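Chains as they are written, first to last, in our numbering: chain A, 250 to 531; chain B, 151 to 476; chain C, 11 to 402. As structure tokens, the structure follows; a few thoughts come after it.
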Amino acid sequence: MGSIYALAALGFNIIYNATGIINFAQGEFVMLGAMLMAYFAAVLKLPLLLAFIVVVLLVACVGLILERGCIHPLKNPSILVLVMITIAASILLKGVTMFIAGKEVHGMEYFSGENTVVDMGGAKVPTQTFWILGVLGVVVCGLVIFFNLTLAGKAMRACAFDRTAASLMGIPTKRMVMFSFFLSAAIGGMAGAVIVPISMADYQSGAMFGIKGFGAAVFGGLGNNFGAVSAGLILGILEALTAGYLSSHYKDALPLAVLLLVLFVKPSGLFGSEAAGRLKKF
Amino acid sequence: MMKRNIYIPYAVFLMIVLLAPMFVKNPYYLGVLVQVGIFSLVTMGLSLLMGYAGQISLGHAAFFGMGAYASAILTGTCHWSPWLAMGAGMLITACVAWFVGTPSLKLKGHYLAMATLGFGLIVNIFFLAEVDLTGGPSGYTFARIPHITFIKWTIKSETSSYYFVWGILLVILLLTLHIIHSRVGRALRSIHADEEAARAMGVNTAQYKVGIFILSGIYASLAGSLYAHYIRFVAPDPFGLMESVLLVTMVIVGGMGSIWGAIAGAALLIILPEALRFFQDYNILIYGAILLFIMLFLPGGIFGGSQMLWLLIRKIPGRRQEAKDG
Amino acid sequence: MMKFFKKQNLFCVVLVLCFSLTVFSFAQEKKEEKKEPIKIGAIFSITGGASWLGEPERNTMVMYVEKINKAGGVLGRPIELIVEDTEGNETKTVNATKKLITKDNVIAIVGPSRSGSTMAIIDIPGEYKVPLISCAAAESIAVPVRKYVFKTPQKDSDAALRILEHLKKKGVKKIAIMSEASGFGDQGRLQLKKYAPEYGIAVVADDTYGPKDTDMTPQLTKIKATEAQAVVNWSIVPAQSIIPKNMKQLGMTIPLYQSHGFGNPKYAEACGEAGEGIIFPAGRLLACDTLPDDHPQKKVLMNYKKEYEERFKDSVSTFGGHAYDALFIIVEAIKKAGVVDKDKIRDEIEKTKGFIGTGGIFNYSPEDHTGLQKDAFEMLTIKNGKFVVLQD
């Protein structure tokens with residue numbers, strides 16, 4: 250689970266870095282990925298890899314449309330308005346999904362066969378866990394390479410650092426914003442696609458992914474990708490531990506309490522720097 | 151001069167509120183209006199916090215819920231008088247708001263949003279988990295929440311609920327308008343504009359921020375108590391995260407920085423889903439679309455939108471300068 | 011400048027109030043004059059957390075109201091069905107109920123789908139004297155009896171009793187309870203804990219999970235470490251199909267009992283192969299093909315299943331059945347009453363005897379507004395991905 254939060258948190262970060270917006274529709278991207286994956290793999294019976302690629306591309310396109318349709322046309326919007334727009338968009342996405350896919354819950358088999366488990370020192374770990382971890386690993390490596398070695402990646406980092414300076418240097422910042430939506434939607438889609446076999450696809454699950462992902466992103470220090478991944482994993486583990494050893498009632502509460510405490514002690518998140526803490530105000 | 155300007159809209163508003171039941175007789179519509187009143191109370195507090203002090207809270211439904219549960223439990227389980235329970239609820243909420251607000255409001259922007267969001271979720275989980283106290287997920291079923299009695303009238307029918315809720319709202323509204331146009335209001339706006347500068351000018355920003363957070367919490371708690379006595383049933387669902395988001399949406403849709411906007415936002419977002427009932431399943435789509443539309447084309451909310459309209463109507467040559475100022 | 015600003019305030023207030031008043035007055039004018047059709051209201055959670063409950067209920071109502079109208083209606087008058095959505099939110103449910111009663115003037119209401127929503131409006135039918143038949147299961151709806159409130163689903167406690175009976179027969183002495191954190195899960199959990207000692211069964215673990223959780227491994231790991239000989243899970247959300255999967259992954263071999271909330275073929279499907287052998291109590295609808303031909307309910311069940319599946323290309327669930335029962339109990343009552351009068355209809359509903367519905371055979375009385383006995387539940391199991399009646 251932690252990996253999914255980490256992936257969702259990464260999505261938040263990418264858009265945040267490029268635009269300073271918290272995209273509350275991020276959770277819906279995960280949900281869309283899950284719904285589409287269940288549809289392509291379980292209903293149309295496409296080969297896994299093909300289904301996966303199609304899903305990720307489709308979700309990425311949704312991200313693109315969202316940016317073009319709702320974010321791009323605004324000339325000089327305030328951050329809060331942008332946040333509200335993403336909330337409205339997430340309601341809309343949820344509604345559309347409900348109509349197209351129905352209210353039923355969809356499931357599918359594990360990528361490597363139903364209920365296959367690996368025995369690890371007595372604990373049985375479902376194989377799908379490795380798929381999820383694998384995808385997370387690939388995404389993280391991919392992002393590292395992208396941001397450090399490619400021109401587009403460097404340009405995006407420049408945008409995150411200082412938008413005005415970046416645009417003065419000839420970087421098309423508007424296009425970068427668009428691309429950041431594309432990228433983070435794609436990552437959300439991937440997260441959704443790998444989680445289906447474990448948690449099944451439900452049109453309402455988006456909000457939950459969104460909150461946890463946002464939590465992880467803040468926990469790790471907004472804009473800090475390394476922080477997001479670690480924080481996502483920590484949150485997932487904390488949740489499992491609370492449910493297992495303390496009280497399943499408070500499974501969601503304890504990680505949140507920890508998160509709050511961390512914020513009170515270190516207001517810029519676990520791995521965030523002071524500089525990043527000085528944010529655009531609402 | 152300034153005072154009169156507060157009172158004119160207030161007087162008009164008062165008239166409309168008093169006369170509305172003459173036109174709206176159906177109990178269902180009156181019931182919706184009662185809810186508008188209850189939610190307006192919350193959004194007014196939130197508007198003080200967001201629009202005037204510039205701080206966001208994604209956990210206000212928790213305060214709303216605390217008021218509702220306090221009323222339910224204290225009147226139902228402990229057989230207190232509703233008024234006493236309402237006061238106790240506000241006191242408890244104020245303490246919690248102080249406790250949470252003091253560290254939280256040192257945070258800024260998205261971190262503050264996350265902290266308040268987390269707080270709201272924790273409170274909601276508390277409502278869910280403490281089955282013996284709150285009735286858990288099934289809602290508070292130990293006793294029926296009693297009707298409230300005001301002097302000698304029992305607030306039972308829709309009409310009496312309407313006058314009761316809106317009466318309280320009108321009192322609070324007057325109080326709020328006075329706060330805005332006082333020293334405190336100016337101090338708050340200065341924090342919104344530039345916190346550092348405000349501090350440099352000798353405004354104790356931390357104190358003001360926490361103070362207004364507590365005040366808005368009390369408003370929400372009061373609204374919660376009214377809700378509990380009106381609906382006479384409380385369950386954790388209506389006090390969750392989505393409700394917090396809805397409250398913030400109401401303030402923004404109404405237009406930040408205006409108490410009237412907060413009321414307008416509450417009215418719109420309560421009435422709209424009811425008006426859209428006709429569309430059945432499609433209402434979620436239409437609702438989302440309308441929200442998106444408002445945010446895209448009226449970023450200032452209803453209040454900002456009506457200002458624009460006002461300017462258009464008064465678009466007489468020579469008044470340009472004034473329009474620019476407005 | 012200041013003055014100007016204030017005028018804008020005023021303008022804004024007036025604008026908004028005009029808006030709300032127009033909306034209201036417009037809607038009020040629409041209140042129609044023709045008194046021809048008999049209006050029946052329905053409140054289901056069509057969207058929101060419990061949409062899989064509301065959807066089949068709504069579909070069922072719509073389909074059968076059409077059928078009744080095609081056949082000439084009731085007392086020669088067509089039925090007009092007005093469906094409202096609760097979105098699983100108690101405040102909305104209250105609004106919807108008041109709207110149906112005071113604006114639409116319905117003569118009876120079917121729903122809501124969920125126990126929590128029903129509890130939120132439980133006094134309204136009595137206040138306005140409109141009969142209501144709830145499709146939610148919780149015991150507290152019909153105990154104590156409220157004059158205008160009835161319900162069609164079987165009682166939660168009966169499901170718990172059936173499960174405990176079966177456990178006792180199997181010689182199980184220690185069980186672990188899992189339940190979702192919702193009204194439904196909570197009620198079941200309480201019932202199980204209340205009655206378990208009577209059957210000589212000890213509860214060794216009691217865990218809950220959120221309705222939207224996606225992984226129950228932590229709770230199950232905890233249960234695995236106890237001496238539980240069976241897991242009883244009480245839930246109505248999709249999350250429950252994750253439990254058998256998780257159990258299999260953890261190598262747990264003890265039997266899994268589910269509540270009647272499992273009564274949806276989609277859930278069995280979602281469990282896949284891990285779902286084989288799950289035991290749960292349910293109305294007979296789900297396994298009606300495996301009922302003996304002489305069973306009194308067989309004909310009703312087979313018909314409903316066939317008609318629903320043909321029309322909606324979707325498998326039936328017991329929830330739709332609850333709406334079916336409620337609708338026909340009302341229709342029968344109207345026929346018997348002979349007039350469209352809320353109080354007379356209520357009296358006739360209370361006199362319902364031997365009505366064969368999908369949930370069982372209904373017998374209401376002034377003391378019993380549930381109408382069903384323990385035997386309305388049949389223990390079912392999953393065999394080759396299909397629900398069948400458990401044979402032992």
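Virtual Cβ for every residue (Gly too), placed ideally from N, Cα, C. Just so you know, these numbers come straight off a predicted model, no measurement behind them.
query                                                                                                                   : result
Euclidean distance between Cα positions of T327/C and P66/C                                                             : Inspection of the sequence shows that residue 327/C is occupied by Ser rather than by Thr. Taking the straight line from one Cα to the other gives about 7 Å.
Closer than 8 Å at the beta carbon, the chain C residues around Q185/B                                                  : T101, N105
Whether G367/C touches D324/C by CB criterion (8 Å)                                                                     : no
Whole-angstrom distance between E360/C and G459/A, CA atom to CA atom                                                   : 48 Å
Beta-carbon spacing of W8/C, G271/C below 8 Å                                                                           : In the structure displayed, chain C extends from 11 to 402; residue 8/C sits before or after that span and is not available.
Short Cβ contact (8 Å threshold) for K343/A with Y254/A                                                                 : no
Span separating the alpha-carbon of S479/A from that of G405/B                                                          : 38 Å
When P275/C, R156/C, P88/C, Q259/C are compared against T380/C, the one with the closest alpha-carbon                   : R156/C
Closer than 8 Å to chain B by CB, A249/C                                                                                : no
Span of the beta strand (DSSP E), counted from its first residue to its last, around G239/B                             : Counting along the chain, G239/B falls outside any beta strand (DSSP E), though it belongs to the alpha helix (DSSP H) covering 232-254.
Beta-carbon proximity check, A287/A vs A434/A, cutoff 8 Å                                                               : no
Assumed close pair I206/B, L257/B - CB separation to whole angstroms, cut-off 8 Å                                       : That pair is no contact at about 10 Å.
Neighbour flag for M257/C against chain B, beta carbons, 8 Å                                                            : no
Beta-carbon proximity list for A244/B, same chain, < 7 Å, skipping 5 on both sides                                      : I364, G367, I368
Residues bridged to F272/C (per DSSP)                                                                                   : Its beta-bridge partners do not exist; DSSP assigns none.
Residues from the region 284-315 of chain B in contact with chain A, defined by Cβ distance under 7 Å                   : none
Span of the alpha helix (DSSP H), counted from its first residue to its last, around A263/B                             : 259-279
Y499/A: contacting residues in chain B (beta-carbon distance under 8 Å)                                                 : I275, A279
Residues of its chain near G220/C, where Cβ-Cβ distance is below 6 Å and the 5 sequence neighbours each way are ignored : A191
Endpoints, the alpha helix (DSSP H) within which E137/C is located                                                      : 134-138
Cβ shell of P504/A (< 6 Å), same chain only, five flanking positions each side left out                                 : L484, L487, E488
V182/B at chain C interface by Cβ criterion, 8 Å                                                                        : yes
Interfacial residues, the region 433-447 of chain B to chain A, with Cβ spacing under 7 Å                               : I434, L435, Y437, G438, A439, L441, L442, M445, L446
Within 8 Å, strictly: CB atoms of K203/C and A238/C                                                                     : no
Test item: CB-CB of G437/A and V308/A under 8 Å                                                                         : yes
Buried or exposed (CB count within 10 angstroms, at least 16 for buried), Q357/B                                        : exposed
Other residues of its chain near F513/A: CB distance less than 6 Å, five sequence neighbours each side excluded         : none
Presumed contact (8 Å Cβ cut-off) between A169/C and R124/C, rounded CB distance                                        : Going by Cβ atoms, the distance from A169/C to R124/C rounds to 16 Å, so no, they are not a contact pair.
Proximal residues to V247/C (C-beta, below 6 Å), its chain only, five neighbours per side dropped                       : E190, P221
Interfacial residues, the region 428-459 of chain A to chain C, with Cβ spacing under 8 Å                               : I444, I447, S448, M449, D451, Q453, S454, M457
Residues bridged to S375/C [DSSP beta-bridge criterion]                                                                 : D378/C
Identified DSSP bridge partners for P267/C                                                                              : It is Tyr, not Pro, that sits at residue 267/C in the sequence shown. DSSP lists V242/C, I289/C as partners of Y267/C.
Sequence-distant residues of the same chain with beta carbon closer than 6 Å to I444/B, five excluded per side          : V403
Same chain only: Cβ atoms within 7 Å of Y312/B, ignoring 5 sequence neighbours per side                                 : P171, L180, L183, V184
Members of the region 216-243 of chain C that neighbour chain E once the beta carbon cut-off is set at 7 Å              : Given the protein chain composition of this structure (A, B and C), no chain E is represented.
Coil, strand or helix - D357/C by DSSP                                                                                  : helix
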